[in-house]
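Engineer: Just so you know, we're using numbering that gives the first Met the number 0 here: the sequence shown kicks off at 0 and counts up by one.
Every residue gets a Cβ at the ideal spot worked out from N, C-alpha and C, and that includes glycine.
I'd like to ask you about the structure that follows.
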Amino acid sequence: MVSREKINQLAMQIGGELGTQVVEILLDQGDNTSEFLIAEKLEVKINVIRKTLYMLQDANLVNSMRKKDKKKGWYIYYWTFDEIQANALINKMREMRISNLKKRLNAEQNISYYTCKKQCIRTTLERALESDFTCLECEKVMHEVDNSKKVKLIKEELSFLEQPEELAEALIEETNTAEAEA
Numbered sequence: 000m001v002s003r004e005k006i007n008q009l010a011m012q013i014g015g016e017l018g019t020q021v022v023e024i025l026l027d028q029g030d031n032t033s034e035f036l037i038a039e040k041l042e043v044k045i046n047v048i049r050k051t052l053y054m055l056q057d058a059n060l061v062n063s064m065r066k067k068d069k070k071k072g073w074y075i076y077y078w079t080f081d082e083i084q085a086n087a088l089i090n091k092m093r094e095m096r097i098s099n100l101k102k103r104l105n106a107e108q109n110i111s112y113y114t115c116k117k118q119c120i121r122t123t124l125e126r127a128l129e130s131d132f133t134c135l136e137c138e139k140v141m142h143e144v145d146n147s148k149k150v151k152l153i154k155e156e157l158s159f160l161e162q163p164e165e166l167a168e169a170l171i172e173e174t175n176t177a178e179a180e181a
């Protein structure tokens, strides 16, 4: 089961603050929540709610069911949060983050970077050679960057992300508790 905090973070990434509020209502109300009820609870126009729901639907976080209103003849959509898809999306995003971090780590370990004292730009050895080790922004001399701190941070994040989900969540809780006590 995905934690509510992770669901909210995911909803925030996809639908912004309103997306988070919509997902909260869907989770609280349960299956088949009317879009009109969501709009009423959030005091937002139905068009804005629909736009947000469509963004969430594009990411497969919500599913809809259409029913015809017998009195007015309009179609009303009922929405349900899809926790299975949310979990799959969170795992996919985590794997993508790990892949990107591995690429960055490889680049940081195998490529020499150069910058001036003001750190206007950061460039590779080849580009630094092309400019005679002169910064293109401030025209100061460029020197090799010590990226050992950056490499260390990337390795720490990678080791954290590659841990089993339960252990990672326990570490987050432990960190939050320690920060609250401090």
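Per DSSP, ASN31 forms a beta bridge with which residues?
Structural biologist: None, per the DSSP bridge assignment.
Engineer: Determine the contact status of ALA38 and ILE48, defining contact as a CB-CB distance below 7 Å.
Structural biologist: Yes, they are a contact pair.
Engineer: If we ignore side chains and look at the alpha-carbon of each, how far apart do VAL43 and GLN56 end up?
Structural biologist: The alpha-carbon atoms of VAL43 and GLN56 are separated by roughly 19 Å.
Engineer: Between which two residues does the beta strand (DSSP E) containing ASN99 stretch?
Structural biologist: Not the beta strand (DSSP E): ASN99 falls in the alpha helix (DSSP H), residues 82-109.
Engineer: Does the Cβ of TYR113 have 16 or more other Cβ atoms within 10 Å, making it buried, or fewer, making it exposed?
Structural biologist: TYR113 is buried by the Cβ-count criterion.
Engineer: Beta carbon of LEU60, beta carbon of ALA85: below 7 Å?
Structural biologist: It is a contact, given that the beta carbons lie within the stated cut-off.
Engineer: Looking only at C-alpha atoms, which of VAL22, PRO163 and LEU26 sits nearest to TYR53?
Structural biologist: Answer by Cα proximity: VAL22.
Engineer: Have a look at THR133 and TRP78 and give me their C-alpha separation to the nearest angstrom.
Structural biologist: Roughly 59 Å separates the two Cα atoms.
Engineer: For LEU41, which of PHE159, LEU17 and LYS50 has the nearest alpha-carbon?
Structural biologist: The candidate whose alpha carbon is nearest that of LEU41 is LEU17.
Engineer: GLN20: beta carbon under 6 Å from a heavy atom of the ligand PLP?
Structural biologist: For the structure depicted, the ligand PLP is absent and the ligand set is empty, with no information on it obtainable.
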